[in-house]
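Asks: Mind having a look at this structure? Questions to follow.
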Amino acid sequence: MAATDVTDTVRESLRGELIGPEDAAYDEARTVYNGMIDRRPAAVIRCADVADVIAAVGLARDGGLDLSVRGGAHSVPGFGTNDGGIVCDLSGMRGIRVDPERRTVRAEGGATWGDLDHATHAFGLATTGGIISTTGVGGLTLGGGIGHLARGHGLSCDNLISADVVTADGRLLTASEDQNADLFWALRGGGGNFGVVSSLEFNLHPVGEIYGGPIFYPVDHAGEVMRFYREFIAQAPEELGAFFAFQIAPPLPFIPEERHGETMCLIVTCWSGPVEEGERAIAPLLEVAPVAAEHVGPMPYPALNGAFDALLPPGLQHYWKADFVRELTDDAIAAHVEHGPRVPCMESTMHMYPIDGACHRVASDETAFAYRDARFACVIAGMWPDPGDNERNTAWVRDYWEAIHPHSERGGYVNFMAGDDQDRIRENYGGNYDRLTEVKRRYDPENLFHMNQNIEPVPSA
Ligand SMILES: Cc1cc2nc3c(=O)[nH]c(=O)nc-3n(C[C@H](O)[C@H](O)[C@H](O)COP(=O)(O)OP(=O)(O)OC[C@H]3O[C@@H](n4cnc5c(N)ncnc54)[C@H](O)[C@@H]3O)c2cc1C
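Written as structure tokens, this is what we have:
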């Protein structure tokens, strides 16, 4: 049978849709979040259910075609699409089922954090997720999952109870502590290397209203704010999430108009303990330096997780680099203070996320996510609207990263990496890398799932 005949046969067998170059919806279907990525797959399969996922995997496997798996489409390197291959698009599979009694939630593989937070918030429950509501639950969790609640409740992957996975041979497996435990270990940090995760089950925690929001400082105070933040967060209660950032002040109503466009540093806070204790928990951060603007107060947890969505619409150009940080030294802070204030545009930023507290109570070899003694995950996230500015912005990201990397760990968080960071894959997993290649050999010996920060099914040199 010719390739088109095969495609037609699959098209007819689906509950979802197969969208090819001849279809009107093709340009929209091939588009991912990073506007820099312009690829033309042979077919995008918009899956409606697990049967469609198995069909998509089979089509790619039997046809010897590249296979991309797409959930929220936020992959900066654009792993959610490809040239000439198959895209298994899960964006139609976003169902959420909360069990308030057991305090668990099950999300389909294409759900976003906005979907999950909305459903669990109705019961005053939440789990660690990303800081932007449009990011996919699947991609973020499989790489680890860092967010406001990480210090108190661990990484997203630490809250994973089980996952349903369609493997390269078309089987549907459940991975948990009791079933396919090696696969479950690898899924918690190993990214999309092992199969298509059609649903994920998480533990939830009583988090409804939080007390928090952003505090902006004039950028010439960045050094003192960062040094204070380093000491403060190390001893702060685990209910306090707070990440440090550089950012050009956007035209938001709580920022004085004359300061719009001014480069600033900021700390974004999220107190998830009793709301009435939030003001006291955050007070020292309002005293460390003059505050240029702040928007701190009680709010529903999903409101904080959606607060920056409008600043980051789909279609921006993205180029990111990342490192884990064990000790934020004075020399590292000096490098940040030199490069952070040069942030070239309003969307771009550097975020320094604390990953201590509950994240440290999981051993380095307990899940695939290895850097359990790192205190911070740092990302320099270049994001800008105009492709004409690509050179200037990527240069800022690279120069900044080169300045801080000597003060960082060798590895970084896979979900914050660009496409040109594939050679860091071993370092990103430290002592877990060899075991990951073994699990990969067991579940994906032909490396069908290679459109990712790829763990090859071969022993490392
Ligand atoms: C604006 C923005 C904000 C972000 N904020 C955070 C944050 O707060 N915390 C954080 O930890 N990360 C954050 N990230 C990084 C994010 O975790 C990664 O980009 C992640 O890959 C996004 O997942 P996705 O499903 O949206 O992306 P996609 O592009 O759909 O997927 C990326 C890759 O993940 C794998 N994948 C996704 N879903 C599945 C699935 N169901 N089964 C198997 N494999 C799958 C595939 O390999 C896929 O190619 C952010 C990224 C962006 C662009």
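Numbering (the numbering used here), first residue to last: 1 to 461.
Even glycine gets a Cβ: it sits at the ideal position worked out from N, Cα and C.
Would you mind stating whether F324 and Y371 have Cβ atoms separated by less than 8 Å?
Replies: What you label residue 324 is simply residue 324 of the sequence shown in a count that begins at 1. What you label residue 371 is simply residue 371 of the sequence shown in a count that begins at 1. Cβ atoms of F324 and Y371: closer than 8 Å.
Asks: Starting from E17, follow the beta strand (DSSP E) in both directions and report where the run begins and ends.
Replies: Against the sequence shown, residue 17 aligns to sequence position 17. From DSSP, the beta strand (DSSP E) with E17 extends over E17 to I19.
Asks: Can you list the beta strand (DSSP E) stretches of 3 or more residues lying completely in the segment 41 to 107, in chain order?
Replies: Complete beta strand (DSSP E) runs here, min 3: 43 to 46, 67 to 70, 86 to 89 and 96 to 99.
Asks: Using a threshold of 7 Å, is the CB atom of V57 nearer than that to any non-hydrogen atom of ligand 1?
Replies: Within the sequence shown, the letter at position 57 stands for residue 57. No; taking the cut-off as 7 Å, the Cβ of V57 has no heavy atom of ligand 1 nearer than that.
Asks: How about R280: is its Cβ closer than 7 Å to a heavy atom in ligand 1?
Replies: Counting from one through the sequence shown, the residue named residue 280 turns up at place 280. Not under cutoff, so the answer is no.
Asks: Give the single residue among G190, V196 and F228 whose Cα lies nearest to the Cα of V87.
Replies: For the purposes of this step, residue 87 is identified with residue 87 of the sequence shown, where counting begins at 1. For V87, the nearest C-alpha among the options comes from V196.
Asks: Between the Cα of W401 and those of G136, L18, R342 and P214, spot the shortest distance and give me the residue it belongs to.
Replies: Here residue 401 corresponds to residue number 401 of the sequence shown, with the count starting at 1. Of the candidates G136, L18, R342 and P214, the one whose C-alpha sits nearest the C-alpha of W401 is R342.
Asks: Does the distance from the CB of M226 to the CB of A249 come in under 8 Å?
Replies: The residue given as residue 226 occupies position 226 in the sequence shown. The residue given as residue 249 occupies position 249 in the sequence shown. In this structure, A249 does not lie closer than 8 Å to M226 by Cβ.
Asks: On a Cα-Cα basis, can you pick out the residue from R392, A334 and P100 that is closest to F202?
Replies: Locating residue 202 in the sequence shown gives position 202, where the first residue counts as 1. The option with the nearest alpha carbon to F202 is P100.
Asks: List the DSSP bridge partners of V165.
Replies: Position 165 of the sequence shown, counting from 1, holds the residue named residue 165. Paired residues: L173 and V197.
Asks: When we look at the beta-carbon of D444 and count the other beta-carbons within 10 Å, is it buried (16 or more) or exposed?
Replies: On the sequence shown, residue 444 is found 444 positions in, with the first residue counted as 1. Under this definition D444 is a buried residue.
Asks: Where in the segment 355 to 425 do unbroken runs of the beta strand (DSSP E), each at least 3 residues long, occur, reported from the N-terminal end onward?
Replies: Entirely contained in the segment 355 to 425, the beta strand (DSSP E) runs reaching 3 residues are, in chain order, 376 to 384.
Asks: Which residue's Cα is closest to the Cα of W271: G261, E239, F254 and S162?
Replies: Taking the first residue of the sequence shown as 1, we reach residue 271 at position 271. Nearest option by C-alpha distance: E239.
Asks: May I ask you to report which of helix, strand or coil DSSP gives A322?
Replies: What you label residue 322 is simply residue 322 of the sequence shown in a count that begins at 1. The answer is strand: DSSP assigns A322 an E or B state.
Asks: CA-CA distance, F449 and L140?
Replies: Residue numbering aside, residue 449 sits at position 449 when the sequence shown is read from its first letter. Residue numbering aside, residue 140 sits at position 140 when the sequence shown is read from its first letter. One C-alpha to the other measures close to 17 Å.
Asks: Secondary structure at A24, three-state DSSP: helix, strand or coil?
Replies: Working through the sequence shown from its first residue, we reach residue 24 at position 24. Coil, per DSSP.
Asks: Determine, using beta carbons only, whether E258 and S198 come nearer to each other than 8 Å.
Replies: For the purposes of this step, residue 258 is identified with residue 258 of the sequence shown, where counting begins at 1. For the purposes of this step, residue 198 is identified with residue 198 of the sequence shown, where counting begins at 1. Taking 8 Å as the Cβ cut-off, E258 and S198 do not qualify as a contacting pair.
Asks: Does the Cβ of A358 lie closer than 7 Å to at least one heavy atom of ligand 1?
Replies: Position 358 of the sequence shown holds residue 358. No.
Asks: Taking only three categories from DSSP, how would you classify P214?
Replies: For the purposes of this step, residue 214 is taken as residue 214 along the sequence shown, with counting starting at 1. If DSSP states are grouped into helix, strand and coil, P214 belongs with the strands.
Asks: Using the C-alpha atoms, what's the distance from L187 back to T437?
Replies: Indexing the sequence shown from 1 puts residue 437 at position 437. Indexing the sequence shown from 1 puts residue 187 at position 187. Their backbone Cα atoms lie some 12 Å apart in a straight line.
Asks: Does the separation of the CB atoms of R426 and A374 fall below 8 Å?
Replies: As a position in the sequence shown, residue 426 is number 426, starting the count at 1. As a position in the sequence shown, residue 374 is number 374, starting the count at 1. No.
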